[in-house]
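First to last, the protein sequences are chains E and G. Residue numbers for the first sequence follow the working numbering, so the first one is 12 and each next one is one higher. Residue numbers for the second sequence follow the working numbering, so the first one is 3 and each next one is one higher. Don't be surprised by glycine CBs; every beta carbon is placed ideally from N, CA and C. Note sheet for the following structure.
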Amino acid sequence: MCGICGAVALEGRLDVPAGATERMIGVMRHRGPDEFGAWRDDHVLLGHARLSIIDLATGQQPMGDAEGRLWLTFNGEIFNYVELREELRALGHVFRTASDTEVLLESYRRWGDACVERFVGQFAFALWDGERRRLLLARDRFGIRPLFWTVRGGVLLFASEIKALGAWNAEAPLLDPGALSEVFTYWVNIPPATPFRGVAQLPAGHTAALELGRGGNTRPELRPHRYWHPTFLPAREDHRFVAKDELPGMARRIRELLADASIIRLRADVPVGAYLSGGLDSSATAALIQHTTQRRMKTFSVGFKDAAYDETRWQTMMAAHLGTDHESIRVGDAEIAGAFERVVWLSETPLLRTAPAPLYALSGLVRSQNYKVVLTGEGADEVFCGYNILREAKVRAFWARDPRSHRRPLLLSKLYPYLQQSPPGFLAQFYGSGLEEVATDPYFSHRPRWRNTGTIAAFLAADIQEAAVARDSEERLGASLPADFRLWGPVARAQYLEMTLFMSGYLLSSQGDRMLMGHSVEGRFPFLDHRLAELAGTLPASAKLASLKEKALLKLAVADLLPAAILERPKQPYRAPDSASFFVGPGADLVRDAFDAEALLETGLLDPQRTAGLLRKWQAGKLTSARDNMAFVGLLSLQLLARQFGPGFAQRVREDALRPEDVNWRGDSTAA
Amino acid sequence: MELRQQIRGFVVENFLFGDGVPLKDDQMSLLDNGIMDSVGVMELVAFLEGDLGLGIEDQELVPENLDSIDNLVGFVTRKRR
């Protein structure tokens with residue numbers, strides 16, 4: 012994996028500020044500490060921080076084609092590069108290196124922008140076509156690899172991380188009040204928004220082209236194009252009756268493709284390890300690999316000192332079952348609170364959970380064992396229906412057909428055992444609101460979650476709450492929904508929203524790429540192979556989520572590979588202790604410092620009265636509800652973020668800058 | 003302290019973190035208006051049992067008893083009779 016960055020002058024020649032290249036690459040060197048490369052001409056600058064995984068000897072970047080007409084900076088992997096190279100060779104293409112980077116270059120030469128449709132992989136790249144004077148940005152289908160862009164002083168800037176955009180002229184991007192409060196309802200920004208003003212993300216499954224020198228008086232603009240989105244069956248087919256004898260055939264197809272998706276992700280010139288969470292998904296891919304390759308794998312797990320969150324027992328069981336070479340760490344308050352500032356700096360967004368922090372510790376364990384690549388089970392819950400929000404959508408849709416039923420909502424307590432203690436009348440009131448909108452509200456499935464999360468926006472300062480109201484988030488989201496969305500049933504709609512919002516914007520980012528790359532480790536996700544996702548999208552929800560049995564079809568597909576105990580255990584959502592992590596020690600200092608009167612005044616983002624009330628409740632040890640905990644972690648991370656991207660930013664990116672001699676200027680660069 | 007004030011004080015401090023403005027009147031539903039979530043009901047019950055010393059039966063955990071300041075005042079008054 013790697014970090015990429017660059018700049019293109021929208022008019023005239025590119026004026027690169029002194030030290031800009033060294034700062035942009037330097038501030039995200041954690042993404043690729045092995046080599047630093049750059050290329051430039053009079054109009055364009057491309058930068059690259061390399062984590063060497065494939066073709067260690069000749070895969071340096073940015074990479075040009077033989078004629079020096081195309082230049083590429085690329086973050087990620089094209090897993091089917093071996094097959095594509097053969098195909099291109101047969102078409103007469105000649106290769107100088109063994110890298111997937113060169114396959115990407117030649118694929119573009121052959122197929123143009125549509126080359127991305129042929130890639131099985133996880134990627135973000137920028138490709139400069141000197142002849143056509145054209146920049147192409149692209150991002151993989153699920154948004155596994157990040158890519159952000161902005162325009163500053165007539166220059167288009169792009170980078171894997173937002174901080175690198177600011178490093179261009181050592182000026183922090185400004186937080187956008189409306190966008191911030193969006194996170195305090197949806198958990199993420201609605202793409203292409205980010206928490207920063209004028210900074211956009213290239214949404215998952217998109218390319219964007221910038222055409223220079225077309226003449227005329229209009230300034231060139233980046234034009235996005237969506238080349239892929241998740242698809243599902245129309246509602247009636249998705250919820251059709253599935254006969255028992257259809258299931259083995261479906262399961263067999265899943266098994267075959269999942270095996271291929273896992274094996275193809277072992278392609279690397281360095282050893283590949285795997286995470287074991289103790290759950291079904293990572294167990295299944297690890298088992299498939301072991302089963303197919305007969306290789307002894309290296310596996311990694313994170314456990315918790317607090318037993319309520321700990322899954323060590325299951326992780327150890329799975330490691331023993333497979334006979335892997337297993338390493339684990341156990342984290343507690345000190346590790347979570349101690350890493351939290353770094354976690355926020357890497358995530359570049361307010362966080363409503365501390366759950367990224369243990370994953371940061373886990374990637375540190377991987378790195379300490381000299382591993383750079385791990386497989387994880389991420390994506391299985393979205394693709395094969397493991398999440399409660401999908402089951403909740405199904406129950407609420409069922410209930411909506413008879414809204415006066417008192418029995419139907421009781422099914423919800425099957426999903427959320429803690430609701431058994433919650434009085435039924437309240438349950439009905441909480442989950443029952445909006446029930447009549449089942450057909451008309453595209454966000455039916457997510458209403459209870461968004462409404463509940465949205466209440467924590469009340470802690471933000473009044474002007475920020477007002478900015479949120481003016482934002483029309485749901486209209487912008489609505490405009491991005493594919494035409495087929497309205498044909499889908501409640502489960503498929505919920506899957507789509509989970510994949511494009513929470514998974515892409517949070518799980519793959521704040522809990523994925525950012526925590527892995529923070530320790531220079533690349534994650535690979537077999538369940539997010541688009542061929543597998545496309546297959547799953549053609550299988551009925553009534554089979555994937557049989558009655559309320561989560562991932563029923565996936566379980567059938569891998570049943571013979573796993574111990575019954577792993578297969579049958581109820582899903583335990585991955586969580587970490589939230590506000591409780593900060594009670595004592597350095598965590599308490601961090602909280603005091605972030606919320607003291609001066610800090611509140613400095614950022615101006617929070618409502619001081621309510622924030623003080625929340626802290627009183629925290630001090631009294633009474634922050635118990637999920638909602639209070641989201642508020643606490645959200646406000647803390649927001650304060651930290653505001654300070655990191657505040658006055659100290661310029662100095663920080665200068666300190667992180669590479670030395671000029673660290674940059675390997677490639678090809679015929681006309682380096683300043 | 004008057005019962006109504008005591009209940010109001012708890013709701014404002016515990017669910018609204020000291021800012022009473024969103025609690026417009028005493029008939030307002032705490033749940034529908036997002037002041038309390040379904041888990042928050044447990045905090046409310048802990049307050050009734052702990053601070054007010056009441057014994058609460060399962061069948062009493064209904065919105066008619068608990069979902070507004072008025073309902074709570076009526077419920078506690080009836081229980082104390």
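| query | result |
| --- | --- |
| Could you compute how far the alpha carbon of leucine 8 of chain E sits from the alpha carbon of glutamate 46 of chain E? | The question about residue 8 of chain E has no answer, for chain E in this structure spans 12 to 683. |
| Which complete beta strand (DSSP E) runs does the region 73–138 of chain E hold, if anything under 3 residues is left out? | 81–89 |
| In or out: phenylalanine 5 of chain E buried (at least 16 other Cβ within 10 Å) or exposed? | Outside the modelled stretch of chain E, which goes from 12 to 683, sits residue 5 of chain E, for which no answer is possible. |
| Opposite histidine 59 of chain E in the DSSP bridges: which residues? | E:Ile15, E:Gly48 |
| Buried or exposed, going by whether 16 or more other CB atoms sit within 10 Å of the CB of asparagine 9 of chain E? | An answer regarding residue 9 of chain E cannot be provided, because it is not within the stretch 12 to 683 covered by chain E. |
| Tell me which residue opens and which closes the alpha helix (DSSP H) that phenylalanine 77 of chain G is part of. | 71–82 |
| Within a Cβ cutoff of 7 Å, which residues of the same chain sit near alanine 683 of chain E, ignoring the five residues on either side of it in sequence? | Per-residue confidence for alanine 683 of chain E stands at a pLDDT of 47, beneath the threshold of 50, marking its modelled position as unreliable; no derived number is given. |
| For alanine 494 of chain E, count neighbouring Cβ atoms within 10 angstroms of its own Cβ and tell me buried if that reaches 16, exposed if not. | exposed |
| Would you check if the region 549–557 of chain E and the region 382–401 of chain E touch, i.e. whether three or more CB-CB distances between them fall below 8 Å? | yes |
| Mind listing which residues of the region 633–644 of chain E have their C-beta closer than 8 Å to chain G's C-betas, in chain order? | Lys633, Thr635, Ser636, Ala637, Arg638 |
| If you drop the 5 nearest sequence neighbours on each side, which residues of the same chain put their C-beta closer than 6 Å to that of asparagine 91 of chain E? | Val131 |
| Compile a chain-ordered list of the residues in the region 441–473 of chain E whose CB is closer than 9 Å to at least one CB of chain A. | In the structure shown, chain A does not exist; the protein chains are E and G. |
| Go through the region 364–412 of chain E residue by residue and report every complete run of the alpha helix (DSSP H) that reaches 4 residues or more, in order. | 367–379, 391–394, 399–411 |
| Can you list, in chain order, the residues of its chain whose CB lies under 6 Å from that of glycine 37 of chain E, leaving out five sequence neighbours each side? | Asp667, Ala668, Leu669 |
| Is the separation between the beta-carbon of leucine 370 of chain E and that of glutamine 522 of chain E shorter than 9 Å? | yes |
| Figure out for me which residue from E:Glu485, E:Gly260, E:Gly87 has the closest Cα to the Cα of tryptophan 461 of chain E. | E:Glu485 |
| Of all Cβ atoms in chain G, is any one closer than 9 Å to the Cβ of arginine 627 of chain E? | yes |
| Excluding the five sequence neighbours on either side, which residues of its own chain have a C-beta within less than 8 Å of the C-beta of alanine 404 of chain E, listed in chain order? | Phe455, Ser456, Pro501, Val502, Arg504, Ala505 |
| Classify proline 537 of chain E: buried if its beta carbon has 16 or more other beta carbons within 10 angstroms, exposed otherwise. | buried |
| In three-state DSSP terms, what is isoleucine 340 of chain E? | strand |
| Mark glutamine 440 of chain E as exposed unless 16 or more other C-beta atoms lie within 10 angstroms of its C-beta, in which case mark it buried. | buried |
| Going by CA-CA distance only, name the one from E:Gly388, E:Val384, E:Val532, E:Asn180 that's closest to serine 288 of chain E. | E:Gly388 |
| Would you mind reading off the limits of the beta strand (DSSP E) that contains histidine 236 of chain E? | 233–237 |
| I think leucine 32 of chain G touches aspartate 69 of chain G, with their Cβ atoms under 8 Å apart; what is that distance to the nearest whole Å? | 6 Å |
| Mapping the DSSP letters down to three states, classify lysine 309 of chain E as helix, strand or coil. | strand |
| Report all residues from its chain with a CB closer than 6 Å to the CB of alanine 350 of chain E; omit the five preceding and five following residues, and keep chain order. | Ala368, Tyr371 |
| Would you say aspartate 53 of chain G faces chain E, with C-beta separation under 9 Å as the test? | no |
| Would you kindly report the start and end of the unbroken beta strand (DSSP E) that includes glycine 260 of chain E? | Looking at the DSSP string, glycine 260 of chain E is not in any beta strand (DSSP E); the run it does join, the alpha helix (DSSP H), is 258–275. |
| Would you check if there are 3 or more beta carbon pairs closer than 8 Å linking the region 559–578 of chain E to the region 280–300 of chain E? | yes |
| If you measure from the beta carbon of asparagine 73 of chain G to each beta carbon in chain E, is any gap under 9 Å? | no |
| Could you check which residue in E:Ala599, E:Ala479, E:Arg542 has the C-alpha nearest to that of serine 8 of chain E? | The displayed coordinates of chain E run from 12 to 683. Any statement about residue 8 of chain E would go beyond what the structure contains. |
| Quick one: residues in its chain with C-beta nearer than 6 Å to the C-beta of aspartate 540 of chain E, no 5 flanking neighbours on either side, listed in chain order? | Ala272 |
| Over what stretch of residues does the alpha helix (DSSP H) that includes arginine 462 of chain E continue unbroken? | 458–465 |
| Take glycine 314 of chain E and list the residues in its own chain whose beta-carbon comes closer than 8 Å to its own, dropping the five residues that flank it on each side. | Asp321, Glu322, Thr323, Gln326, Ser339, Ile340, Arg341, Val342 |
| For glycine 375 of chain E, which residues of its own chain have a beta-carbon under 6 Å away from its beta-carbon, when the five flanking residues on both sides are left out? | His530 |
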